[in-house]
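In my numbering, the protein residues as written are 174 to 417.
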């Protein structure tokens with residue numbers, strides 16, 4: 174729904190309540206021209222103000238946005254929608270990639286059965302925490318994201334260092350040797366941004382790589398493999414915290 178369409182909805186609700194723009198403005202502590210701007214689509218109210226308007230008009234945010242009654246959106250969800258709409262094309266692509274990653278991860282979680290759980294050996298007396306395990310992500314030529322979805326959960330040490338770790342991936346390739354070898358299991362902290370010099374998982378043209386982030390490239394630690402030169406910002410899907 175466009176800003177103009179939302180504005181038209183707000184105007185219709187106000188008129189149906191028999192109120193003027195000035196009366197609405199006084200109720201919410203704003204000036205009348207601001208209310209007019211919202212109704213023409215020139216600007217939009219913030220989340221708190223929109224909820225106030227809905228209370229005044231006896232309606233809901235869902236109704237204003239044209240959602241079905243079954244879809245209940247919280248204030249924080251509405252805030253996310255507003256922030257998303259303010260992004261440029263590159264920003265929206267980044268958000269969409271991360272959302273798709275997390276959506277696929279949650280869909281796979283629903284398919285987990287008790288018989289699919291595999292525990293790795295921990296050191297004596299060390300508590301463990303179950304995380305999802307994906308097979309696999311490439312260090313070299315790239316793996317199509319989720320072309321081989323995980324069918325296991327593994328146990329990692331439950332220590333402060335791994336507090337933000339959410340899942341693990343298996344390394345496929347040798348381009349990050351000697352630090353990470355083919356078959357290593359990497360512990361990943363989900364994040365959309367890492368610093369130059371850190372190692373993370375990146376989505377480049379639909380393929381997932383484990384690489385070190387450089388200024389204009391994704392770097393292979395093994396000199397026998399080429400770096401990936403970047404023509405646009407890669408989509409970061411997580412930071413490599415350690416390996417098991």
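Each residue gets a CB set at the ideal place from its N, CA and C atoms; glycine is no exception.
(1) Less than 9 angstroms between the C-beta atoms of residue 304 and residue 332, yes or no?
(2) Who are the Cβ neighbours of residue 317 in its own chain at under 7 angstroms, not counting the five residues just before and after it?
(3) Which of the three DSSP states, helix, strand or coil, is assigned to residue 274?
(4) So, with DSSP's three-state summary, where would you put residue 265?
(5) Just grab the DSSP bridge partners of residue 330 for me.
(6) Does the stretch 265-276 come close enough to the stretch 189-209 that 3 or more CB-CB pairs lie under 8 angstroms?
(7) Buried or exposed for residue 410, going by 16 or more other Cβ atoms inside 10 Å?
(8) Which term fits residue 297, buried or exposed, when burial requires 16 or more other beta carbons within 10 angstroms of its beta carbon?
(9) Which residue's Cα is closest to the Cα of residue 179: 214, 202, 404 and 368?
(10) Put residue 228 into one of helix, strand or coil per three-state DSSP.
(11) Quick check: what's the CA-CA separation for residue 116 versus residue 390?
(12) What is the rounded straight-line gap between the Cα of residue 340 and the Cα of residue 306?
(13) What is the DSSP secondary structure of residue 180, counted as helix, strand or coil?
(14) Please determine, among 190, 373, 417 and 367, the residue with the shortest C-alpha to C-alpha distance to residue 356.
(15) For residue 385, list the residues DSSP reports as bridge partners.
(16) Between 222, 254 and 407, which has its C-alpha nearest residue 368's C-alpha?
Based on what the coordinates show:
(1) no
(2) For residue 317, the predicted structure reports a pLDDT of 41, less than 50, and the residue's modelled location is therefore unreliable. A value from the coordinates is still provided. Taken in chain order, the residues that qualify are 379 and 380.
(3) helix
(4) helix
(5) 301
(6) no
(7) buried
(8) Any reading at residue 297 must be qualified, since the residue scores a pLDDT of 43, below 50, and its modelled position is unreliable; no value is offered.
(9) 214
(10) helix
(11) Coverage of the chain is limited to positions 174 through 417, which leaves residue 116 absent and any answer about it impossible.
(12) 6 angstroms
(13) helix
(14) 417
(15) 372 and 392
(16) 407
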